[in-house]
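Enquirer: Here the sequence shown stands for residues 1 to 481, where the numbers follow full-length UniProt numbering. C-beta atoms are modelled at their ideal positions from N, C-alpha and C, and glycine is treated no differently.
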Amino acid sequence: MSTHNVWTHKGTFLLAAVGSAVGLGNLWRFPYLTGENGGGAFILIYALTIFAVGIPILIAETMLGRASRRSPIMGMRFLTRCHNTSRAWESIGWLGAASAFMILSFYSVIAGWAIHYTWQMLTGSLVGADAEMIGEGFDALLAAPGLLTFYHTLFIVASGLIVGMGVHKGIESGLRIIMPALFAILLVVLVYGIANGDFAAAASFLFTFNIADLSLEGWLAAMGQSFFTLSLGMGAIMAYGAYMNSEVSLTRTAIAIAIVDTSVAMVAGLAIFSLVFGAGLSPGQGPGLMFVTLPLAFAEMPFGALVGGVFFILVLGAAISSSISLIEPVAAYLVERFDMTRPQAVALMVVASWALGLLTVASFNIWAEGTLFHALAGRSPFEFIELLTNIFMPLGGLLIALFAGWALTHSEVMKEMRTSETWFMIWRFLVRFVAPAAVSFVFLRTIPQVEGYLIPTIGALVIVGAFAAGRTFLADGHQEG
Ligand code: PFF
1 MSTHNVWTHK GTFLLAAVGS AVGLGNLWRF PYLTGENGGG AFILIYALTI
51 FAVGIPILIA ETMLGRASRR SPIMGMRFLT RCHNTSRAWE SIGWLGAASA
101 FMILSFYSVI AGWAIHYTWQ MLTGSLVGAD AEMIGEGFDA LLAAPGLLTF
151 YHTLFIVASG LIVGMGVHKG IESGLRIIMP ALFAILLVVL VYGIANGDFA
201 AAASFLFTFN IADLSLEGWL AAMGQSFFTL SLGMGAIMAY GAYMNSEVSL
251 TRTAIAIAIV DTSVAMVAGL AIFSLVFGAG LSPGQGPGLM FVTLPLAFAE
301 MPFGALVGGV FFILVLGAAI SSSISLIEPV AAYLVERFDM TRPQAVALMV
351 VASWALGLLT VASFNIWAEG TLFHALAGRS PFEFIELLTN IFMPLGGLLI
401 ALFAGWALTH SEVMKEMRTS ETWFMIWRFL VRFVAPAAVS FVFLRTIPQV
451 EGYLIPTIGA LVIVGAFAAG RTFLADGHQE G
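Shown next as structure tokens:
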């Protein structure tokens, strides 16, 4: 049974998808990756991969959702039946649900850090603090499992409440308030950054392109980031797509999502690096850029505590509009499959993901090292969960591209894309060949943490799998058009 939810307005899918896309990926991950990978060169490749791989898979994932009008798992079951293809494609739904469940567990813990910093900023605790004090403060936060659990609980419960209230009253109404507020706050922080920081240095860092900075590493990081930032491969976009009005053009919507998401990342980057350079700090701080370097920059500037507090509220809003999109696909499945009520389904997902999140909490302190888990997996539970999602996410995207590219018929795709034959051909070439090849590449890159011999094996399996999948459809004599 499908849930038959439909967004209230034609434009609501765009709002929801932008809410999902804009998150910690834009405000926390994008600036530090750019900082670590040489600025302009990284941005150039990032923009290229957004257009050549991100947008085509975004179109494909939304298409699978809207064509099935079901939650990702039930939707894929339905589509494999309609197209008489192997039920193995249902794994797209299962992989998505599993990744959403795991990502939510640690996304909520990290968003919890932003609650801590909002509080610290607004109470003025960091005014005038020096680098050492702020660094020690961050370490002390990570060393306190009780405090981390408290913030994690607050964040995940808030997300659950929004989704539990329903697609219209909860998600839509929540996003109508959160998203405009986010854009307004982002502009305030940008103006503050221009007024108090070194905007020229930030702009030249982000937009000066130096060919020598183009490393393979940076190329791969950019690919992974374009995937994460567009929320691809996790069923989030598919679940939201299932509620989308049938008349809206997928092509135009996907391009709009990518443009807004990329602009937010750029504006956030400009604002953050203006402050960082203005305070004479280094851009290549890694994940601590937002939680250590930035509070330090705010600590030294006029009204820094207030604007810093507002900045961390922006981070929280962006994180919550993304985390609700991680709950929806799983909750919708539980409602469809087991006839649960929405609050029951959301509660089940949230409580389970919360419990898994305790592993992430412990990974920064009591289980940071030397446990049986480390002995077996060679890494902390958090790093293990992150590694799993880094594998599942590209794998999900790869399968989505292949299924949409090879299994859907010409007329089905045209009905969804509402575009010219030329655009259709370009899209199909990208999802059939370019995206799978590029994603396999990223996929290989995410596994070097795994012992050496596994990399070639998994790589070979992915490539053989992709070709086998393509050939199966051809061998089935699949009808085009
Ligand atoms: N796109 C989000 C971000 O950039 O923070 C992260 C995310 C949300 C990924 C939802 C995947 C997802 F399903």
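So does M165 have its beta carbon nearer than 7 Å to some heavy atom of ligand 1?
Expert: Position 165 of the sequence shown, counting from 1, holds the residue named residue 165. Flag unset: Cβ of M165 not near ligand 1.
Enquirer: Is there contact between the region 294-307 and the region 125-137, where contact requires at least three CB pairs shorter than 8 Å?
Expert: The answer is yes - the region 125-137 touches the region 294-307, with three or more Cβ pairs under 8 Å.
Enquirer: Quick one, which of T409, Q120, P295 has its alpha-carbon nearest T85's?
Expert: To locate residue 85, count along the sequence shown from 1; it is residue 85. Checked all of T409, Q120, P295; the closest Cα to T85 is T409.
Enquirer: Name the two residues that bound the continuous alpha helix (DSSP H) containing L95.
Expert: Position 95 of the sequence shown holds residue 95. Here the alpha helix (DSSP H) through L95 covers 91-122.
Enquirer: Let's test the definition: count the other Cβ atoms within 10 Å of the Cβ of N210 and tell me whether it reaches 16, buried, or not, exposed.
Expert: The sequence position of residue 210 within the sequence shown is 210, counting from 1. Exposed: under 16 other Cβ atoms inside 10 Å.
Enquirer: Under 7 Å: does the beta carbon of I103 sit that close to some heavy atom of ligand 1?
Expert: To locate residue 103, count along the sequence shown from 1; it is residue 103. Indeed, a heavy atom of ligand 1 lies less than 7 Å from the Cβ.
Enquirer: Enumerate in chain order the residues of its own chain whose CB-to-CB distance from G40 is below 8 Å, with the five nearest sequence positions on each side excluded.
Expert: Here residue 40 is taken as the residue at index 40 of the sequence shown, counted from 1. The answer, listed in chain order, is F205, L206, F207, T208, F209, N210, D213.
Enquirer: What do you reckon, is the C-beta of F228 under 7 Å from a heavy atom of ligand 1?
Expert: Mapped onto the sequence shown, residue 228 falls at position 228. Indeed, a heavy atom of ligand 1 lies less than 7 Å from the Cβ.
Enquirer: Rounding to the nearest angstrom, what Cα-Cα distance links D139 and M290 in this structure?
Expert: Locating residue 139 in the sequence shown gives position 139, where the first residue counts as 1. Locating residue 290 in the sequence shown gives position 290, where the first residue counts as 1. Using only the alpha carbons, I get a separation of about 14 Å.
Enquirer: May I ask you to check if the CB of M266 is nearer than 7 Å to at least one heavy atom of ligand 1?
Expert: On the sequence shown, position 266 is the one that residue 266 refers to. Not so, every heavy atom of ligand 1 lies at least 7 Å from the Cβ.
Enquirer: Whose CA, out of W7, T34, L14, F13, lies closest to the CA of G286?
Expert: Along the sequence shown, one-based indexing puts residue 286 at 286. Checked all of W7, T34, L14, F13; the closest Cα to G286 is T34.
Enquirer: Considering N196, what are the terminal residues of the alpha helix (DSSP H) in which it resides?
Expert: Taking the sequence shown and counting its residues from 1, the one referred to as residue 196 is at position 196. That run of the alpha helix (DSSP H) goes 173-196.
Enquirer: What does the Cβ neighbour count give for W119, buried or exposed, with the cut at 16 atoms within 10 Å?
Expert: Residue numbering aside, residue 119 sits at position 119 when the sequence shown is read from its first letter. Counting Cβ neighbours within 10 Å, W119 comes out exposed, since fewer than 16 surround it.
Enquirer: Would you call the CB atoms of G72 and A97 closer than 8 Å?
Expert: Here residue 72 corresponds to residue number 72 of the sequence shown, with the count starting at 1. Here residue 97 corresponds to residue number 97 of the sequence shown, with the count starting at 1. Residue identity check: residue 72 is Pro in the sequence provided, not Gly. Their beta carbons are under 8 Å apart, which means P72 touches A97 by this criterion.
Enquirer: Using 8 Å as the Cβ pair cut-off and three pairs as the minimum, do the region 156-172 and the region 5-14 touch?
Expert: The region 156-172, when compared against the region 5-14, does touch it at the 8 Å Cβ threshold.
Enquirer: Examine the Cβ distances between the region 56-72 and the region 360-367 and report whether three or more of them are shorter than 8 Å.
Expert: As far as the Cβ criterion goes, the region 56-72 does not touch the region 360-367, which means the pair count is below three.
Enquirer: If we count the other Cβ atoms within 10 Å of its Cβ and call it buried at 16 or more, is G19 buried or exposed?
Expert: Mapped onto the sequence shown, residue 19 falls at position 19. That one is buried.
Enquirer: Quick check: does the Cβ of G54 come within less than 7 Å of any heavy atom belonging to ligand 1?
Expert: Start at 1 with the first residue of the sequence shown, and residue 54 comes out as number 54. G54 Cβ: outside cutoff for every heavy atom of ligand 1.
Enquirer: Just tell me which of L64, L316, A256, I50 has its CA closest to the CA of I185.
Expert: Here residue 185 is taken as the residue at index 185 of the sequence shown, counted from 1. Out of L64, L316, A256, I50, L316 has the C-alpha closest to the C-alpha of I185.
Enquirer: Shorter than 7 Å, the distance from the beta carbon of M234 to the closest heavy atom of ligand 3, or not?
Expert: This structure does not include ligand 3; its bound ligands are ligand 1.
Enquirer: What are the boundary residues of the alpha helix (DSSP H) that includes V431?
Expert: Here residue 431 refers to the residue found at position 431 of the sequence shown. First-last for V431: undefined, no H or E at that position.
Enquirer: Where does D213 fall in DSSP's three states?
Expert: Walking along the sequence shown from the start, residue 213 turns up at place 213. Looking at D213 - three-state DSSP - the assignment turns out to be helix.
Enquirer: Specify the secondary structure class of P283 as computed by DSSP and reduced to three states.
Expert: As a position in the sequence shown, residue 283 is number 283, starting the count at 1. Looking at P283 - three-state DSSP - the assignment turns out to be coil, as it is neither helix nor strand.
Enquirer: So, with DSSP's three-state summary, where would you put E383?
Expert: Within the sequence shown, numbered from 1, the residue matching residue 383 stands at position 383. The answer is helix: DSSP assigns E383 an H, G or I state.
Enquirer: With three or more C-beta pairs closer than 8 Å as the rule, is the region 136-150 touching the region 347-361?
Expert: Result yes; three or more Cβ-Cβ pairs closer than 8 Å.
Enquirer: Any heavy atom of ligand 1 within a distance shorter than 7 Å of the CB on G197?
Expert: The residue you call residue 197 lines up with position 197 of the sequence shown. No, ligand 1 has no heavy atom inside 7 Å of this Cβ.
Enquirer: Out of F228, W406, P329, G241, point me to the one whose CA is closest to Y46's CA.
Expert: Residue numbering aside, residue 46 sits at position 46 when the sequence shown is read from its first letter. The candidate whose alpha carbon is nearest that of Y46 is F228.
Enquirer: What is the C-beta distance between A401 and V431, in whole angstroms, given that I count them as a contact (C-beta under 8 Å)?
Expert: By 1-based counting over the sequence shown, the position of residue 401 is 401. By 1-based counting over the sequence shown, the position of residue 431 is 431. Confirmed, about 4 Å.
Enquirer: Below 7 Å CB to CB, which residues in the same chain sit around G481 once its five sequence neighbours on both sides are set aside?
Expert: Here residue 481 refers to the residue found at position 481 when the sequence shown is read from its first residue. Confidence at G481 is low in this model, with a pLDDT of 35, below 50, so its placement is unreliable and no value can be given for it.
Enquirer: Short of 8 Å in beta carbon distance, which residues of its chain neighbour G477, apart from the five on each side in sequence? Order them along the chain.
Expert: One-based indexing of the sequence shown puts residue 477 at position 477. Because the pLDDT of G477 is 45, which lies under 50, any placement of that residue in the model is unreliable, and the number read from its coordinates should be weighed accordingly. None.
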